[in-house]
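Q: Just passing along the structure, written as structure tokens.
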Ligand SMILES: [Ca+2]
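Residue numbers (mature numbering (1 follows the signal peptide of the UniProt record, and there is no 0)): -23 to -1, 1 to 338.
Spelled out as structure tokens, the structure:
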């Protein structure tokens, strides 16, 4: 192989690898890692670009928000407000501890909020926050919500007016979520949060398959620019090590209309315009969106339809049965040969079944 051919082949392999990485991250959008909003080993930016508080401990290989001890809370916050309109945050994290399954808590929250470094009761951060939160809830508080398994990942957008309901694991304000086995895994676990053109997508990679699995995908989400990224965690009577390995922010190159560009994005109030109400499913054990409740006349119509269906089926069945009986009688009287009769009866029965099927269709 000539040097030229060798160089060409090497460049092709490099280009293919680069493309694979690129496609994996952004699904087609070109992207840029924003170092001022990213937290990476060996965490040299901590101190200037990141503040931390509470029980947070920064080592050279991880940022431990809480140790595996009771009643701890810690957080880490980007000091630089983010003015990107479209972004994707990748979080590499690890939740691990000595507690047996279900005997651990409480979890991690990833934030994009107006305020920063305000300790409080929501996974170590303040309640009635303004902005976006993604909760990695590892402890089931609501013993009535057995339809979902824990750990459970969910999203909440708040304009400061809503309190997070720990007793219900945030179900009343949840925009979407999924169960994810994120605890005590032997491999790395990842979460991706993408916000672009009003669409919020959360993906997870927790099964060591090196592929993203969708967890949340909702439109109509309005978030301003100029907020801060952060992460926090808390333990209660039960505990875990809550470690952040990295938080990498990528800018998504998305075109906006001139009208959108001219808006003052810092003035946007966090909100969600859902077609249906959020998953406030206090009465609904399935946790799914509820349709309008069935009123009296709707129940009546439903029952009437069911009754009519039964009557139609019964009439069709009776007609088919009667026809078949008549034909059988005809053969019995017209053909006294027993073997021949048997063959006809068999054929008729088969035809009868097929006819019944066709009629019922
Ligand atoms: Ca919980």
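A virtual CB, placed ideally from N, CA and C, is assigned to each residue, including glycine.
Taking 8 angstroms as the limit between beta carbons, can you name the residues of its chain near residue 244, skipping five residues before and five after?
A: 201
Q: Exposed or buried, which one is residue 291 when buried takes at least 16 other CB atoms within 10 Å?
A: exposed
Q: For residue 15, decide whether its Cβ has a neighbour in chain B, counting only Cβ atoms nearer than 8 angstroms.
A: Judged by its chain identifiers, the structure shown contains no chain B, having just a single protein chain.
Q: Buried or exposed for residue 146, please, with buried defined as at least 16 other CB atoms from any protein chain shown within 10 angstroms of its CB.
A: buried
Q: Does at least one heavy atom of ligand 1 sit under 7 angstroms from the Cβ of residue 104?
A: no
Q: In whole angstroms, give me the CA-to-CA distance for residue 183 and residue 158.
A: 7 angstroms
Q: May I ask you to list the residues that DSSP assigns as paired with residue 155?
A: 130
Q: Would you check whether ligand 1 has a heavy atom nearer than 7 angstroms to the C-beta of residue 142?
A: For residue 142, the shortest separation between its Cβ and any heavy atom of ligand 1 does not lie below 7 angstroms.
Q: Tell me whether residue 97 sits in a helix, a strand or coil according to DSSP, three-state version.
A: strand
Q: Determine the burial state of residue 214: buried for a count of at least 16 other Cβ atoms within 10 Å of its Cβ, exposed for fewer.
A: exposed
Q: With distances taken from CA atoms, which of 47, 23, 56 is nearest residue 40?
A: 23
Q: I'd like to know if the stretch 148 to 155 and the stretch 60 to 80 are in contact, where contact means that at least 3 CB-CB pairs between them fall below 8 angstroms.
A: no
Q: For residue 26, which three-state DSSP category applies?
A: coil
Q: What's the gap between the Cα of residue 27 and the Cα of residue 235?
A: 34 angstroms
Q: Taking the C-alpha atoms as reference points, what is the distance between residue 172 and residue 248?
A: Cα to Cα, residue 172 sits roughly 13 angstroms from residue 248.
Q: I'd like to check one pair, residue 84 with residue 51: are the Cβ atoms closer than 8 angstroms?
A: Cβ distance not < 8 angstroms, so residue 51 and residue 84 don't count as in contact.
Q: Locate the alpha helix (DSSP H) running through residue 236, then write down its first and last residues.
A: 235 to 239
Q: What residues sit near ligand 1, counting only those whose C-beta is closer than 5 angstroms to one of its heavy atoms, in chain order?
A: For ligand 1, the selected residues are 114, 116, 118, 146.
Q: Who does residue 167 pair with in a DSSP beta bridge?
A: 69, 182.
Q: Is it right to say residue 31 is buried, meaning 16 or more other beta carbons lie within 10 angstroms of its own, or is it exposed?
A: buried
Q: Just mark residue 42 as buried or exposed, buried being the case when its beta carbon has 16 or more other beta carbons within 10 Å.
A: Label assigned to residue 42: buried.
Q: Could you name the residues of the same chain whose beta carbon sits closer than 7 angstroms to that of residue 45, not counting the 5 residues immediately before and after it, in chain order?
A: Taking C-beta separations shorter than 7 angstroms and ignoring five residues to either side along the sequence, the partners of residue 45 in its chain run 74, 75, 216, 217, 218, following chain order.
Q: In chain order, what residues of the same chain have a beta carbon less than 7 angstroms from the beta carbon of residue 115, not counting five sequence neighbours either side?
A: 72, 81, 82, 83, 84, 127, 128, 160, 217
Q: Less than 6 angstroms between C-beta atoms, sequence neighbours within five positions excluded: which residues of the same chain meet that for residue 135?
A: 106
Q: Answer yes or no: do residue 211 and residue 49 have a C-beta to C-beta separation smaller than 8 angstroms?
A: yes
Q: When the Cα atoms are used, what is the spatial distance from residue 118 to residue 125?
A: 12 angstroms
Q: Under DSSP, the beta strand (DSSP E) around residue 41 begins and ends at which residues?
A: 40 to 43
Q: State the Cα-Cα distance for the pair residue 143 and residue 96, rounded to the nearest angstrom.
A: 16 angstroms
Q: Are residue 226 and residue 206 close, meaning C-beta to C-beta below 8 angstroms?
A: Residue 226 is a Cβ neighbour of residue 206, given a cutoff of 8 angstroms.
Q: Under 8 angstroms by Cβ, that's how I've got residue 140 and residue 112 pegged, so tell me the actual separation to the nearest angstrom.
A: Going by Cβ atoms, the distance from residue 140 to residue 112 rounds to 14 angstroms, so no, they are not a contact pair.
Q: Alpha carbon to alpha carbon, what distance is there between residue 137 and residue 25?
A: 28 angstroms
Q: Do residue 62 and residue 189 have their CB atoms nearer than 8 angstroms?
A: Going by C-beta atoms, residue 62 is not nearer than 8 angstroms to residue 189.
Q: Tell me, please, which residues DSSP counts as bridged to residue 84.
A: Answer is 114, 211.
Q: Just the C-alpha distance for residue 10 and residue 104, rounded to the nearest angstrom, thanks.
A: 30 angstroms
Q: Give me, in chain order, the residues of the same chain whose beta-carbon lies closer than 8 angstroms to that of residue 223; leave out the 5 immediate sequence neighbours on both sides.
A: Closer than 8 angstroms at Cβ, skipping near neighbours: 15, 16, 17, 18, 67, 68, 69.
Q: Kindly list the residues whose CB is nearer than 6 angstroms to the CB of residue 56, restricted to its own chain and excluding five residues on each side of it in sequence; keep chain order.
A: Same-chain partners within the cutoff: 26, 28.
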